Structures are given as structure tokens and as C-alpha cells.
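2 protein chains.
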Amino acid sequence: MIEWFEDLSLGMRFKSESVKISEDEIKQFAAKFDPQPFHLDDEAAQKTIFKGLAASGWHTAAIAMNLAVQIRPFGPHPLIGLGVDGLRWMLPVRPGDILHLEGEVVGLTPSRTSLRASLW
Amino acid sequence: MIEWFEDLSLGMRFKSESVKISEDEIKQFAAKFDPQPFHLDDEAAQKTIFKGLAASGWHTAAIAMNLAVQIRPFGPHPLIGLGVDGLRWMLPVRPGDILHLEGEVVGLTPSRTSLRASLW
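Laid out in C-alpha cells, this is it:
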């Protein structure tokens with residue numbers, strides 16, 4: 023179990039369980055946060071470059087966050103992000119697609135403060 | 023009205039309406055996508071580095087997407103993201119906070135394909 027900073031090492035990998043994404047979930051997220059035809063309605067989406075319903079990229083990102091929280095890569099410590107770089111939406115996520123998350127420790131920077139939390 | 027690529031110019035700015043974020047919305051998003059104490063429960067959040075309920079950063083990002091869609095910065099053309107760089111969560115977003123989005127055209131790259139969409 024990873025409990026302390028010293029328990030982490032470069033190259034350490036994490037892999038989440040898989041989740042299946044449904045058409046309803048795609049539409050519900052889109053209605054609130056990304057109301058564009060290709061995220062809301064399959065028929066309308068057929069006429070767009072997506073050629074069918076696709077999840078909002080922010081929905082996929084939020085699902086990834088949830089999977090990260092389930093993994094608990096830092097044991098009892100919270101997962102708090104400072105920001106995002108290098109996020110790329112490579113392929114549309116479709117209803118019925120099964121997603122999982124993989125992570126790797128690519129850097130280790132000791133906190134300069136006494137902040138007792140894991141920032142990632 | 024911005025309808026074509028040629029209608030855009032460097033330095034062009036966009037500003038959205040404002041939205042107020044509620045405690046319920048923060049909790050609902052967190053329950054689905056970022057179930058950690060500081061996003062779910064104000065009392066539990068008091069004992070964390072946030073010192074009170076704060077929205078998931080992914081929630082704030084999703085709200086920003088919705089505001090961007092409302093602005094319609096590219097007129098009738100869709101808003102499709104290729105990815106994210108340089109996103110930074112600088113301050114916690116609290117219940118009752120009022121958010122708006124500001125954007126600026128900082129680069130213009132003509133598509134190399136016949137893709138009829140605005141990628142941003």
C-alpha cells in the first residue's frame with residue numbers, strides 16, 4: 023500500500039477497472055455541459071464529422087478522473103490536480119465503448135511546503 | 023457574425039455570460055466523477071486543505087465548455103477540441119461563486135484537409 027511519498031517510485035504503474043459508457047450518460051453530460059448535436063442526438067450526429075453520437079471530451083476526462091479516484095494510487099491521500107497538459111482526444115468515445123485508465127509515475131517532486139496531500 | 027475562417031483574426035476576444043454555481047451542482051458532479059470528501063461534503067471538506075466545499079476542477083472545466091458553446095465564437099460551426107494544454111486550477115470554486123469565460127484567438131492555423139469544422 024502506498025501511504026507516503028517515499029512509497030512512490032518512477033515507472034510505477036496503475037490500471038483501473040473498466041467501465042462501459044451508455045448513450046444516456048453521453049446525452050445527459052452533453053445536455054448540461056456540451057450541448058452540441060454530435061453529443062446529443064445520434065441522428066443529428068450522423069450529419070457531422072463524428073458520423074454518429076460521440077461523448078464530449080470533457081465527459082471522457084471526467085470519467086477518467088472517477089477511475090483515478092477508484093484506483094487510489096496514493097492510498098489514503100487525496101488526488102488533487104494542479105492542472106492539465108498534453109491531454110489529447112484521439113478517437114471519439116461511442117455508446118457502449120468500454121474505457122479504462124492507465125497511469126505511470128513519470129516524475130517525483132517533493133513538496134516545498136508542509137502540505138500533507140498528494141498533488142498530481 | 024463569424025462564419026468563416028477568414029472572419030477570425032488574432033487578438034479577437036470572446037466573453038461569456040456569468041453563471042452561479044450551487045452547492046447541489048458541485049455535489050452532484052462530484053458524486054459521479056470526483057467522489058472525494060472536499061467535493062462532496064462541506065463538513066468533511068473543512069478538515070482538508072480546501073477548508074470547505076470546492077468544485078471538482080473537471081466540473082469547472084465542463085462549465086467553461088458550456089459557456090464556450092453559449093458564446094458560439096465560431097458562429098454556426100461546432101466547437102471541437104483536439105486537446106488541452108496549460109489548464110491550471112488556480113483557486114477553489116465555491117458554492118455561490120459566479121463564473122464567466124474569456125477567450126482570445128491566439129493562433130490561426132488553416133486546416134490541411136477539407137474538414138468543415140472549427141477545431142480549437
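For the record, the sequence lines run as chains R and U.
Just so you know, we're using my numbering here: the first sequence kicks off at 23 and counts up by one.
Just so you know, we're using my numbering here: the second sequence kicks off at 23 and counts up by one.
Ideal Cβ placement from N, Cα and C applies to all residues, glycine included.
Predicted model only: the values in this text are computed from it and were never measured.
- The three-state reading of DSSP puts residue 51 of chain U in helix, counting H, G and I together.
- For residue 114 of chain R, the CB contacts under 6 Å within the same chain, skipping 5 residues up- and downstream, are 72 and 76 in chain order.
- Between residue 38 of chain U and residue 93 of chain U the beta-carbon gap is near 5 Å, inside 8 Å, which marks them as a contact.
- DSSP places residue 60 of chain U inside the alpha helix (DSSP H), whose first and last residues are 59 to 62.
- Where residue 125 of chain U is concerned, the enclosing beta strand (DSSP E) starts and stops at 124 to 126.
- In this structure the stretch 44 to 51 of chain R does not touch the stretch 57 to 73 of chain U; the number of beta carbon pairs closer than 8 Å is below three.
- For residue 94 of chain R, there are no C-beta contacts with chain U under 8 Å, since the nearest C-beta of that chain is about 10 Å from it.
- In the three-state reduction of the DSSP assignment, residue 121 of chain R falls in the strand class, which pools E and B.
- DSSP links residue 69 of chain U through a beta bridge to no other residue.
- In this structure, residue 106 of chain R places its C-beta atom within 9 Å of the C-beta atom of residue 109 of chain U.
- Residues of chain U whose Cβ lies closer than 9 Å to the Cβ of residue 60 of chain R are, in chain order, 100 and 102.
- Chain-order list of chain R residues neighbouring residue 109 of chain U: 105 and 106, by C-beta distance under 7 Å.
- Contact of residue 115 of chain R with chain U is not assigned, every C-beta pair being separated by 9 Å or more.
- For residue 85 of chain R, the three-state secondary structure derived from DSSP is helix.
- Taking residue 48 of chain R as reference, the option from R:132, R:117 and R:125 with the minimal CA-CA separation is R:117.
- Residue environment analysis places residue 104 of chain R among the exposed positions, since fewer than 16 neighbouring C-beta atoms fall within 10 angstroms of its C-beta.
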